[in-house]
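Sequential numbering of the sequence shown, starting at 18, is according to my numbering. Glycine is no exception: its CB is placed at the ideal position from the N, C-alpha and C atoms. To start, the structure under review is shown below, and the notes come after it.
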Amino acid sequence: MGLSAVDLEHLRRCVELAREALDDGDEPFGSLLVDAGGRVLFEDRNRTSGGDQTRHPEFEIARWAARNMEPGDRGEATVYTSGEHCPMCSAAHAWVGLGRIVYAASSEQLGSWRAQWGAAPSSPVAALPIQTVAPDLAVDGPAPELAEELRELHERRHRLR
Ligand SMILES: [Zn+2]
């Protein structure tokens, strides 16, 4: 489908949330849940610094959607996220029947940035693309417009370690 101006606007909010997370000692990731009418229903950002490594915003969104939305509405909703869903979040997204995913940076980009910085892989989970985990999902991304800002946030996070 490609990215529209509205998609980019939502992705910019995800990047803001990622920045908030970083400033608060968490990993720089942020996500939004947007309904078929374009309303933002829920937003969250990474909260793993407390020691629970499953506290990804995309996972939180899947659970929020399961509790608060009818199945038909979930399928028409879009999840925007600063970094491509990990396999855990891709699976949760698919299991609760959410719709399109739009990401700003791919897992492949994140991996190549980390490799440039000489960082060890940060994840014990394989960085499988969303559609390897959930083949029927509509997925768009990355957004080249936001790559530099995200690269900078992730580099800051890397330097803090
Ligand atoms: Zn995840």
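Residue i versus the options, residue with shortest Cα-Cα distance
i      : options                          : result
PHE59  : PRO45, GLY67, PHE46 and PRO74    : PRO74
TRP81  : VAL150, GLN126, PRO104 and ASP52 : ASP52
ASP90  : THR98, GLY100, SER99 and ALA79   : ALA79
ARG84  : ARG56, GLY114 and THR65          : GLY114
VAL96  : GLN133, LEU170, ILE147 and THR71 : ILE147
ARG56  : LEU39, GLU162, SER129 and ALA94  : ALA94
GLY92  : ARG64, GLU33 and LEU154          : LEU154
LEU170 : PRO45, GLY135 and ALA22          : PRO45
GLY100 : ARG173, GLY19 and LEU167         : LEU167
PRO152 : ALA111, SER129 and GLY128        : ALA111
GLU172 : GLN70, PRO161 and GLY135         : GLY135
Supposed close pair residue i, residue j - CB separation, criterion 8 Å
i      : j      : result
HIS102 : ARG131 : Contact flag wrong, Cβ pair sits at about 17 Å.
LEU49  : ARG30  : 6 Å
Proximal residues to residue i (C-beta, below 7 Å), its chain only, five neighbours per side dropped
i      : result
PRO104 : VAL142, ALA143, LEU145 and VAL150
PRO159 : TYR120, ALA121, ALA122, SER123 and GLN126
GLU77  : ASP61
THR65  : ASP43, GLU44 and ARG72
First and last residue of the uninterrupted alpha helix (DSSP H) at residue i
i      : result
ALA192 : No answer is possible for residue 192: the residues shown for the chain start at 18 and end at 178.
VAL179 : Residue 179 is absent from the structure shown; the chain starts at 18 and stops at 178.
TRP89  : According to the sequence as given, residue 89 is Gly; it is not Trp. Looking at the DSSP string, the run of the alpha helix (DSSP H) that includes GLY89 is 88-93.
Through-space distance from residue j to residue i, alpha-carbon basis
i      : j      : result
ASP24  : ALA137 : 32 Å
GLU42  : HIS27  : The residue you asked about is not Glu; residue 42 is Gly in the sequence shown. Rounded to whole angstroms, GLY42 to HIS27 spans 23 Å at the Cα level.
ALA109 : GLN133 : 30 Å
SER107 : SER140 : 15 Å
GLY68  : ARG178 : 15 Å
GLU165 : ILE118 : 21 Å
GLY116 : ASP40  : 30 Å
LEU34  : MET86  : 23 Å
VAL156 : SER21  : 13 Å
SER129 : THR98  : 19 Å
GLY19  : VAL32  : 19 Å
Other residues of its chain near residue i: CB distance less than 8 Å, five sequence neighbours each side excluded
i     : result
GLU37 : GLY47 and ARG62
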